[in-house]
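Each residue of the sequence shown is one higher than the one before, starting from 1 at the first, in the UniProt record's numbering.
Think of the CB as a built atom: it goes at the ideal place given N, C-alpha and C, for glycine as much as any other residue.
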Amino acid sequence: AADQILKLYKLFLKYDCTQIEINPFGETPDKRVINFDAKLSFDDNAKFRQKPVFDMEDTAESDPREVEATNAGLNYIGLNGNIGCLVNGAGLAMATMDIIKLYGGQPANFLDVGGGVKEEQVLDAFKILFSDTQVKAVLVNIFGG
């Protein structure tokens, strides 16, 4: 088992994993230790370094808005609310969602356009927001310094 764990650790480092879950780890009748099932997650920020890994991704079951956002270079996570959020910076996005909740609203998404956003990405962001039929309003919170 120690050899398997060491190999998993090396895999974790080599491929920029954020998680490797093995369940179950088992022993065959001939005393070999094997992984019967595994779940791996990879750091999205390492996409440029791990292109072959990310090229294997199957987006068939993914939220189409999340796929579109990724293709546009945006960070988007769909939620169940009705107030769309377009924010620059993950911390500001979280604070914006907290304030919406504090005052009784429900955020429809987490959408961080980042600090170096281009005009086309902003347009893509609005298209993604308005493609959600639950969105009734959009709050734009951009900090420029």
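- By the CB criterion at 7 Å, residue 115 and residue 88 fall inside the cutoff.
- Nearest Cα to residue 126 within the set 85, 106, 95: 85.
- Excluding residues up to 5 positions away in sequence, nothing lies with its Cβ nearer than 8 Å to the Cβ of residue 133 in the same chain.
- Within the segment 3–81, the complete alpha helix (DSSP H) segments of 4 residues or longer fall at 51–55, 64–71, listed in chain order.
- In this chain, the alpha helix (DSSP H) harbouring residue 91 covers 90–102.
- Classified as buried, residue 74 has 16 or more neighbouring CB atoms from the shown chains inside 10 Å of its CB.
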